[in-house]
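Chemist: Provided herewith is a single structure, encoded as structure tokens, for subsequent inquiry.
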Amino acid sequence: MSTLRQQAPTLEERDTVLAVPGMHCAGCMSKVERRLGTMPGVEAARVNLSARMVTVRHEPGLPVRSLVEALEDIGFEAQDRTDKAFERVSAVRPLLAPLAVAGFAAMNVMLLSVSVWSGAEGTTREMFHWLSALIAVPAIAFAGRPFFASAWKALRKWQTNMDVPISLGVLIATGLSLYETATHGKHAWFDGALMLLTFLLAGRVLDAMMRDRARAGVDALLSQAAQGALVVAADGTTQWHAAGDLTLGMTMRVATGERLAADGTIIKGDSRFDQSLLTGESDPIALGEGEKVLAGTLNLGSPVDVRVAQVGHDTTLAEIARLMEASTQNRSRYVRVADRAARLYAPAVHSLAALTVIGWLIAGASVYQALVIGVAVLIITCPCALGLAVPVAQVVASGALMRAGIMVKDGSALERLAGIDRALLDKTGTLTLGRPVPDPVALDALEKDDAAVALALASHSRHPMSRGLQAALSRRGIVPAPLETVTERAGEGVFAMCRGVEVALRRPESAGTSAVTLVIGDAPVRLLPFSDQLRPDANEALGRLAASGVTASILSGDRVEAVGEVARSTGLTGIGGALPADKQAMVGRLRNAGHKVLMVGDGLNDGPALAAADASMAPGSASDVGLQAADFVFVQDSLLALPRAVATARKTMAVVRQNFTLSIVYNVIAVPLAIAGLVTPLIAALAMSGSSLLVVANSLRLARATNLGAGR
410 MSTLRQQAPT
420 LEERDTVLAV
430 PGMHCAGCMS
440 KVERRLGTMP
450 GVEAARVNLS
460 ARMVTVRHEP
470 GLPVRSLVEA
480 LEDIGFEAQD
490 RTDKAFERVS
500 AVRPLLAPLA
510 VAGFAAMNVM
520 LLSVSVWSGA
530 EGTTREMFHW
540 LSALIAVPAI
550 AFAGRPFFAS
560 AWKALRKWQT
570 NMDVPISLGV
580 LIATGLSLYE
590 TATHGKHAWF
600 DGALMLLTFL
610 LAGRVLDAMM
620 RDRARAGVDA
630 LLSQAAQGAL
640 VVAADGTTQW
650 HAAGDLTLGM
660 TMRVATGERL
670 AADGTIIKGD
680 SRFDQSLLTG
690 ESDPIALGEG
700 EKVLAGTLNL
710 GSPVDVRVAQ
720 VGHDTTLAEI
730 ARLMEASTQN
740 RSRYVRVADR
750 AARLYAPAVH
760 SLAALTVIGW
770 LIAGASVYQA
780 LVIGVAVLII
790 TCPCALGLAV
800 PVAQVVASGA
810 LMRAGIMVKD
820 GSALERLAGI
830 DRALLDKTGT
840 LTLGRPVPDP
850 VALDALEKDD
860 AAVALALASH
870 SRHPMSRGLQ
880 AALSRRGIVP
890 APLETVTERA
900 GEGVFAMCRG
910 VEVALRRPES
920 AGTSAVTLVI
930 GDAPVRLLPF
940 SDQLRPDANE
950 ALGRLAASGV
960 TASILSGDRV
970 EAVGEVARST
980 GLTGIGGALP
990 ADKQAMVGRL
1000 RNAGHKVLMV
1010 GDGLNDGPAL
1020 AAADASMAPG
1030 SASDVGLQAA
1040 DFVFVQDSLL
1050 ALPRAVATAR
1060 KTMAVVRQNF
1070 TLSIVYNVIA
1080 VPLAIAGLVT
1090 PLIAALAMSG
1100 SSLLVVANSL
1110 RLARATNLGA
1120 GR
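Each residue of the sequence shown is one higher than the one before, counting from 410 in my numbering.
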């Protein structure tokens, strides 16, 4: 089975995303991937069942129409998602009317059946049978359309799918019931056919609701981007442009209270920005000239001019949305089991039902009785529960993690993360925030006027320490002092005049010290030390990892002294000065020793180790390489994302195992009873649908998995 690589396509390849609304189970996924994977020019295909999309990596010369026709050959309609006419349609809406009709008709036919079960005879029983037929036949024709249409599309291409035996069971049960009614027989199975459709549709509606909910997070995120921006022309005039019409190099004027329509760099002004949409942090961030701002962030302060750097699908907001949309299953061990079972299902069930009918005929049963038992076998063996066992659990868990600020790029990573017993953590940007922060005690010692000078000087530099000082003083409500003749000298600092006095923010004389000095005229020089703070809740998070059986250690390319300081603060062992190859080799050694390794890193030098580990995680601030290689991305500052993800993954796999057990136990008990003739089509419909609903209900428990896993 083909799956896409994590890497981006090469120049000789392109990715095409097709919408395939007819996919609804593991068998559909397997069939679509196998058909596309055998096409000349196609390198790989991966289905996203939650979004009902398939991403195909292929040669540029292969027409998209060929991919669409290949899917039509196996009974699936497809549409190029890049087509501007494409509109995402809810998977729930088309099922609601059939469900309502099936449910209403089933209730009425069941009421009529009560009289027959109670012993009605003669013309009374016949009248109730005919009334049931008048209600049931139109209702079955309407409510069964999703199954009949899917089955016919497969059969006319000489294919089969899960809807074929379902359709056969419903149609044969309805035909036998009409025959029984017309020949004044005692039994009719209209109620069983309607109950089967009702429960099948109810299960599919629940499944579709969860898929829509999983996609709703992506749609809601993308909807937060502004629909357009006021663009400043070279002559100073302004004109409104829709977001899709923005191009690189344009200058957006973002007013107070507006959201940004594209990523860019501030070229005029400074302000405070609410980035909670992207990072989950509620505190506004102060940004000024030369600093990057992101689409979807809200300008809370003064108007700013922003030069557009990324637009459309290239913005950070769109990239996060893509990570979210790719959050459903790849090919885990459990999905492969479900795929194989679904692939063998149709021929096995058809053969079993045929053998059952033949066996009963040989045993002396009438054709009618043998067909009724065969219908019960067809209905009761429907593997909907097996097909839902993995994807529903992964969808619900991925949605729960998404709400907790953790994007799951690969659903199969939940299985791998559940088994980890070692965690290797990078230091800067992973264990720490990666942002130099001034010592609050040193800031407290500054006079207000001195702090105003420090803020004014810091605002004229893009150095990380200057930005950290600017952010810290701005949060304290300091107003910058007026400066004149401001200059910045590379490697030295920022120099200016303030009210006729020379002032400067410069590096200390002692090299290597994480600090800056504030010089104001002849006053004593003030030393402002900096440190890269640990992420919030770091020690609590590490404690939770240890309690769950995961041994963590630091693996960093930073100086040994800096790593040692963080190691002492966290109680972890640490290795400093590690090159990218060293990190990758360490992961390899641990895996060869039998450990399951989680790598957490954010930098370019972490890419090889992230790709080599059993599971990998990166903060949202990571480099493009880190984001691409990682299985999980967390966007909040708190390090509790690590134990939360591990706990959720373990709960998910426990639920998957429970779902498989439920499906297997159901079939072991139900199938022999059906073959023995002890189950009517009505009871078969109730049993089969009940098993599917049980799997869905069991998976829904994962909706709160992150809260439980976090211990909050």
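For glycine and all other residues, C-beta sits at the position ideal for the given N, C-alpha and C.
Note that this is a predicted model, so its numbers are computed, not measured.
What is the DSSP secondary structure of Trp561, counted as helix, strand or coil?
Modeler: helix
Chemist: Helix, strand or coil: which one does DSSP assign to Arg604?
Modeler: It is worth fixing the name first, because residue 604 is Met in this sequence and not Arg. Three-state result, Met604: helix.
Chemist: Should Pro845 and Asp941 be called a contact, given that it needs their Cβ atoms to be closer than 7 Å?
Modeler: Taking 7 Å as the Cβ cut-off, Pro845 and Asp941 qualify as a contacting pair.
Chemist: Short check: CB of Ala704 to CB of Thr724, under 7 Å?
Modeler: yes
Chemist: How would you write the range of the beta strand (DSSP E) that His650 sits in, first residue to last?
Modeler: 647 to 651
Chemist: Ends of the beta strand (DSSP E) at Pro845?
Modeler: 841 to 847
Chemist: Is it buried or exposed for Tyr1075, if we count other Cβ within 10 angstroms and need 16 for buried?
Modeler: buried
Chemist: State the DSSP-derived secondary structure class of Pro449, mapped to helix, strand or coil.
Modeler: coil
Chemist: In three-state DSSP terms, what is Ser940?
Modeler: strand
Chemist: Measuring only the C-alpha atoms, how far is Glu372 from Gln719?
Modeler: Any answer about residue 372 is impossible in this case: the structure gives the chain only from 410 up to 1121.
Chemist: Tell me the DSSP secondary structure of Thr569 in three-state form.
Modeler: Here Thr569 sits in coil by DSSP.
Chemist: Would you check if there are 3 or more beta carbon pairs closer than 8 Å linking the segment 856 to 872 to the segment 1052 to 1065?
Modeler: no
Chemist: Please report the distance separating the alpha-carbon of Arg898 from that of Arg935.
Modeler: 20 Å
Chemist: Helix, strand or coil, according to DSSP, for Lys493 in the structure here?
Modeler: Its pLDDT being 42, under 50, Lys493 is placed unreliably in this model, and the coordinates cannot settle the point.
Chemist: Just verifying my parser: in three-state terms, what is the DSSP assignment at Gln993?
Modeler: helix
Chemist: Would Ser576 pass as a contact of Phe556 if the rule is Cβ separation under 7 Å?
Modeler: yes
Chemist: Which residues does DSSP pair with Leu639 in a beta bridge?
Modeler: Trp649, Arg662
Chemist: Identify the continuous beta strand (DSSP E) that holds Thr926 and give its terminal residues.
Modeler: 924 to 929
Chemist: In terms of alpha-carbon separation, which member of Gly973, Thr979, Val456, Asp1046 lies closest to Gly986?
Modeler: Gly973
Chemist: Using a Cβ-Cβ cutoff of less than 6 Å, which residues in the same chain neighbour Gly983 once the five nearest sequence positions on both sides are dropped?
Modeler: Ile963, Val972, Ala976
Chemist: Examine the Cβ distances between the segment 693 to 713 and the segment 653 to 669 and report whether three or more of them are shorter than 8 Å.
Modeler: yes
Chemist: In whole angstroms, give me the CA-to-CA distance for Gly653 and Asp672.
Modeler: 13 Å
Chemist: Can you have a look at Phe682 and say buried or exposed, based on whether 16 or more other CB atoms are within 10 angstroms of its CB?
Modeler: buried
Chemist: Enumerate in chain order the residues of its own chain whose CB-to-CB distance from Ala895 is below 6 Å, with the five nearest sequence positions on each side excluded.
Modeler: The sequence shown places Val at residue 895, not Ala. Same-chain partners within the cutoff: His869, Ala905.
Chemist: For Ala920, does the count of other Cβ atoms within 10 angstroms reach 16, so buried, or fall short, so exposed?
Modeler: Note that Ala920 scores a pLDDT of 45, beneath 50, so its modelled location is shaky; the value from the coordinates is reported in the next line. Burial check for Ala920: the Cβ neighbour count within 10 Å stays below 16, so the residue is exposed.
Chemist: Any heavy atom of the ligand NAD closer than 6 Å to the Cβ of Pro449?
Modeler: Looking at this structure, you won't find the ligand NAD or any other ligand, since it has none at all.
Chemist: Can you grab the Cα-Cα spacing for the pair Ala1039 / Met438, in whole Å?
Modeler: 24 Å
Chemist: Does the segment 467 to 477 come close enough to the segment 498 to 514 that 3 or more CB-CB pairs lie under 8 Å?
Modeler: Look at the beta carbons and you see the segment 498 to 514 not touching the segment 467 to 477: under three pairs across the two are nearer than 8 Å.
Chemist: If you reduce the DSSP assignment to three classes, tell me which class Gly814 lands in.
Modeler: coil
Chemist: In whole angstroms, give me the CA-to-CA distance for Val663 and Pro712.
Modeler: Rounded to whole angstroms, Val663 to Pro712 spans 6 Å at the Cα level.
Chemist: Let me make sure I understand the geometry here. Which of His467, Met519, Met874, Leu540 has the alpha-carbon closest to that of Arg423?
Modeler: His467
Chemist: Within a Cβ cutoff of 6 Å, which residues of the same chain sit near Val784, ignoring the five residues on either side of it in sequence?
Modeler: Gly578, Ile581, Ala582, Pro1090
Chemist: Taking the alpha carbon of Ala548 as the reference point, which residue from Thr533, Leu603, Pro574, Pro933 has its own alpha carbon closest?
Modeler: Leu603
Chemist: On the DSSP bridge list, what partners appear for Ile675?
Modeler: Val715
Chemist: With DSSP run on the structure shown, which of helix, strand or coil describes His467?
Modeler: strand
Chemist: If we count Cβ pairs, one from each stretch, closer than 8 Å, do we get three or more for the segment 944 to 957 versus the segment 835 to 854?
Modeler: yes
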